[in-house]
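**Student:** Protein sequence lines, in the order shown, are assigned to chains G and X. According to the UniProt record's numbering, the first sequence is numbered sequentially starting from 1. According to the UniProt record's numbering, the second sequence is numbered sequentially starting from 1.
Protein chains: 2
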Amino acid sequence: MATIYDVAALAGVSPATVSRVFNGITVSAERSERVRAAAERLSFIPNRTARTLRKQSSEVIALIIPDIENPFFTALARGVEDVAQASGYSVVLCNTDEDAEKEARYLDVVVSENMAGIILAAASDLVNLTDLTRRGRPVVAVDRSLPEVDTVTVDNVAGGRDATRALVEQGFQRIACITGPTGRTTAEGRADGWREVLMTMSAAHVDPDRYLRYADFRVEGGHAAMVDLLNLPEPPDAVFVANNLMAVGALRALIEHDLTPPLVGMASFGDLPFATLSPRGVTVIPLPARLLGEAAAQLLIERLQGDDRPRQAIRLGNPA
Amino acid sequence: MATIYDVAALAGVSPATVSRVFNGITVSAERSERVRAAAERLSFIPNRTARTLRKQSSEVIALIIPDIENPFFTALARGVEDVAQASGYSVVLCNTDEDAEKEARYLDVVVSENMAGIILAAASDLVNLTDLTRRGRPVVAVDRSLPEVDTVTVDNVAGGRDATRALVEQGFQRIACITGPTGRTTAEGRADGWREVLMTMSAAHVDPDRYLRYADFRVEGGHAAMVDLLNLPEPPDAVFVANNLMAVGALRALIEHDLTPPLVGMASFGDLPFATLSPRGVTVIPLPARLLGEAAAQLLIERLQGDDRPRQAIRLGNPA
DNA sequence: AGCCTAAATGAAATCGATTTCAGGGTCAAG
DNA sequence: CTTGACCCTGAAATCGATTTCATTTAGGCT
């Protein structure tokens, strides 16, 4: 309720002086003290809306993610939050549910609330960021890269290779792959790594894509794809699953068919969330979610502080 | 970049008229059309900051939760989001990490950004909501009840009873309980239900609290508590765990000791997240997270629309 | 003592919307 | 033909901070 005008009146100074006190601009010790006392008495909380309107930018950064129920993204969010908090920014989390329309709506909100910047794991490769960039709002794409803007990702192809090689070394022959939606860069990259390894195997006289399934990065999708693979005349003896949730689904399918790993081999890109199974049997390619978030926030904050290097494309190593 | 003044100039009308067009106030069809065309050409996005400043309230509701990495709270968040979106509100998610100080900081942000209202799963029972309520911002406490404000919870005592009874019916004798931090209402309620059942059992000639452990609602806490219980001279033969994450930790401990349920009985308050284990062995008391979120959002929105009934305390039934 | 520089302060403009108030136009009833 | 009622419309005030610009004050140096 109390405004800087009230505080100013009570302290016997001008509103400008009150503003200066709260922004660390030199004010005589004696006045400064009077202002603080007055603010305290009125339990004054500065109105950020007015501040944002005048400064044309808030201290809030938006983090837009496609699935808030996926522990990968919440871990990433924790990373963003930690770094942002340390620099005095608040983070607001927006969940698009992999829906391009919801995403577009949130992007409008970002512009229209004058948020400082945005970290985006895009639901659609076709996001329109012109409203943002035209207004000079920095954008960092995380996990899923986007053209034109800074990007923080992992090496999906290498991860796919590592996972598949691990299965090969465990002696599996017919290695399937369950990946994400077609056209999604993370999904394609991981499948590419898998295919690459299989093609270079001497024994690969069959078309690997027979064992390739595109699903939706969700538990049910992984489950359905695994069931489908198990119903083949010659089912695979191992599977590389391209994300954590689909791995959960696939694992459930295997358990239902009494094929608990390592009866059938499994490798997952990203840790299995809250796994209670003993880790024997499932090979996990670590996906440093929190680090991704931290790096993205770091980069965004540098941009907010005026860094104008050319476009950065950071690729985090998989700490194999 | 474009403001209503630019749009007004291009359309040859006053800024007031532009505002009216975007707020559904009657404007002649012909002018309205000119305004829309102009806005389109300038790709005008209304500045919500200015709007909020003038209206003294934004269309954003804050959801403050203690642990964004707990699937229970993300499911709850989904419920809030769905209902809020449908009424035209955006949701911003704030993670307090069970830290009262972070929580207080976010509450200040809520005030200072003129957010419309707030849904709170409080980290501390001692939250100070006077700044909010004095300014007439509605507050709904969810999952964890608070005095003075509207509240949406489940019946914790009944849940604890049901879980414990289920273990009794499965023939277990020495039933332990791992609950949350002392003083947290949800933790105490669930433990009370457990104790109640044990006290009424004829065979309960021993003090049940010998088998009671207070942990932190997190995976590691559940694990440590379970290990501790297993190291007792006469370890329990079953355990009721008061939340999903601690259940994961306890389950891991049991598996490590080759006591996978049902070798040792287990009941969990709330679904095990992403369980890959076959459900045999672990009794689950369902916790309707999403429904909690929906109900809380529903109630908050009614308050925002002027509902002034006395304080509501909604208790969702456990769909046993 | 006098002059110059630098620091501290306040008045007023500004950010971009909403909303009150008053004026002007249209139409129907008397 | 006049009067009133009602609907559109625009001018201007308003929300609460920040910031420019001009002015005052203090202090240092010769």
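We treat Cβ as the ideally placed atom computed from N, Cα and C, and that holds for glycine.
1. In terms of residue numbering, what span does the alpha helix (DSSP H) encompassing Y106(G) cover?
2. Could you give the distance in angstroms between the alpha-carbon of A320(G) and the alpha-carbon of A267(G)?
3. Considering only C-alpha positions, which residue in the set L316(X), L232(X), V227(X) and A50(X) is nearest to L251(X)?
4. Measuring straight from C-alpha to C-alpha, what distance separates D207(G) and E196(G)?
5. Cβ of A297(G) within 7 angstroms of any heavy atom in the ligand NAP?
6. Please report the residue range of the beta strand (DSSP E) in which V264(G) lies.
7. Would you call the stretch 65 to 72 of chain X in contact with the stretch 33 to 40 of chain X, where contact means no fewer than 3 C-beta pairs closer than 8 angstroms?
8. For chain G, check one thing: does any of its Cβ atoms lie closer than 8 angstroms to the Cβ of M1(X)?
9. In angstroms with no decimal places, state the Cα-to-Cα distance between G160(X) and L299(G).
10. Looking only at its own chain, which residues have a Cβ that is under 8 angstroms from the Cβ of E302(G), when we skip the five neighbours before and after it?
11. Note down, in chain order, each residue of its chain lying with its Cβ closer than 6 angstroms to the Cβ of residue 361(X), except the 5 sequence neighbours on either side.
12. Taking all protein chains shown into account, do 16 or more other C-beta atoms lie within 10 angstroms of the C-beta of T182(X), making it buried, or fewer, making it exposed?
13. In whole angstroms, give me the CA-to-CA distance for L287(G) and F269(G).
14. Any beta carbon from chain G within less than 8 angstroms of residue 325(X)'s own beta carbon?
15. Do the stretch 95 to 103 of chain X and the stretch 114 to 123 of chain X touch if we need at least three Cβ pairs shorter than 8 angstroms?
16. Check the Cβ-Cβ distances between S19(X) and every residue of chain G, and say whether any is below 8 angstroms.
17. Tell me which residue opens and which closes the beta strand (DSSP E) that V92(X) is part of.
18. Evaluate L232(X) with the Cβ neighbour count: other Cβ atoms within 10 Å of its Cβ, from every protein chain shown; 16 or more gives buried, anything less gives exposed.
19. Buried or exposed: which applies to M199(G), given that a residue is buried once 16 or more other Cβ atoms fall within 10 Å of its Cβ?
20. Please tell me whether V80(G) and V91(G) are closer than 8 angstroms, where the distance is taken between their beta carbons.
21. Can you list, in chain order, the residues of the stretch 248 to 265 of chain X whose Cβ is nearer than 7 angstroms to any Cβ on chain G?
22. Taking the Cβ atom as the reference point for each residue, do A191(G) and A116(G) lie within a distance shorter than 8 angstroms?
23. Which residues mark the beginning and the end of the beta strand (DSSP E) in which L120(G) is found?
24. Leaving aside the five residues before and after N156(X) along the sequence, list all residues of the same chain whose C-beta is less than 6 angstroms from its C-beta, in chain order.
25. In chain X, which residues lie less than 8 angstroms from F240(G) when you measure between Cβ atoms?
26. To the nearest angstrom, how far is it from the Cα of Q170(X) to the Cα of T179(X)?
27. Spell out whether any CB of chain G is found under 8 angstroms from the CB atom of L53(X).
28. Quick check on A123(X): does DSSP put it in helix, strand or coil?
29. In the DSSP assignment, find the beta strand (DSSP E) that holds D150(G) and state where it starts and stops.
30. Return the residue from the list F274(G), V142(G), F217(G) and D162(G) that minimises the CA-CA distance to D289(G).
31. What does a CB cutoff of less than 6 angstroms around L76(G) pick up in its chain, not counting 5 residues either side in sequence?
32. In whole angstroms, give me the CA-to-CA distance for E103(G) and L129(G).
33. Using a Cβ cut-off of 7 angstroms, which residues of the stretch 87 to 105 of chain X contact any Cβ in chain G, in chain order?
34. Determine the DSSP secondary structure at A313(G), reduced to helix, strand or coil.
35. Please confirm if F217(G) has its CB atom under 8 angstroms from at least one CB of chain X.
36. Using the Cα positions of R144(X) and I314(X), report the straight-line distance between them to the nearest angstrom.
**Tutor:** The structure says:
1. A100 to S112
2. Low local confidence applies: a pLDDT of 42 at A320(G) is under 50, so the model's placement there is unreliable, with the coordinate-based value given in what follows. The straight-line gap from Cα to Cα measures roughly 14 angstroms.
3. V227(X)
4. 12 angstroms
5. Summarising the ligand content, the structure contains no ligands, and the ligand NAP is consequently not present.
6. V264(G) -> no beta strand (DSSP E), and no H or E assigned at all.
7. no
8. yes
9. 47 angstroms
10. none
11. The requested residue 361(X) does not occur in the structure, where chain X is confined to residues 1 to 320.
12. exposed
13. 7 angstroms
14. There is no way to answer for residue 325(X), as the model of chain X reaches only from 1 to 320.
15. yes
16. no
17. S90 to N95
18. exposed
19. exposed
20. yes
21. V248, L251, R252 and I255
22. no
23. G117 to L120
24. T186, G189 and R190
25. Under the 8 angstroms cutoff, chain X gives no residues; its nearest Cβ is about 17 angstroms from F240(G).
26. 21 angstroms
27. yes
28. coil
29. D150 to V154
30. Position check: residue 289(G) holds Ala in this sequence, whereas Asp was assumed. Of the listed residues, the one whose Cα sits closest to A289(G) is V142(G).
31. A289, L292 and G293
32. 11 angstroms
33. S90, V92, L93 and N95
34. strand
35. no
36. 12 angstroms
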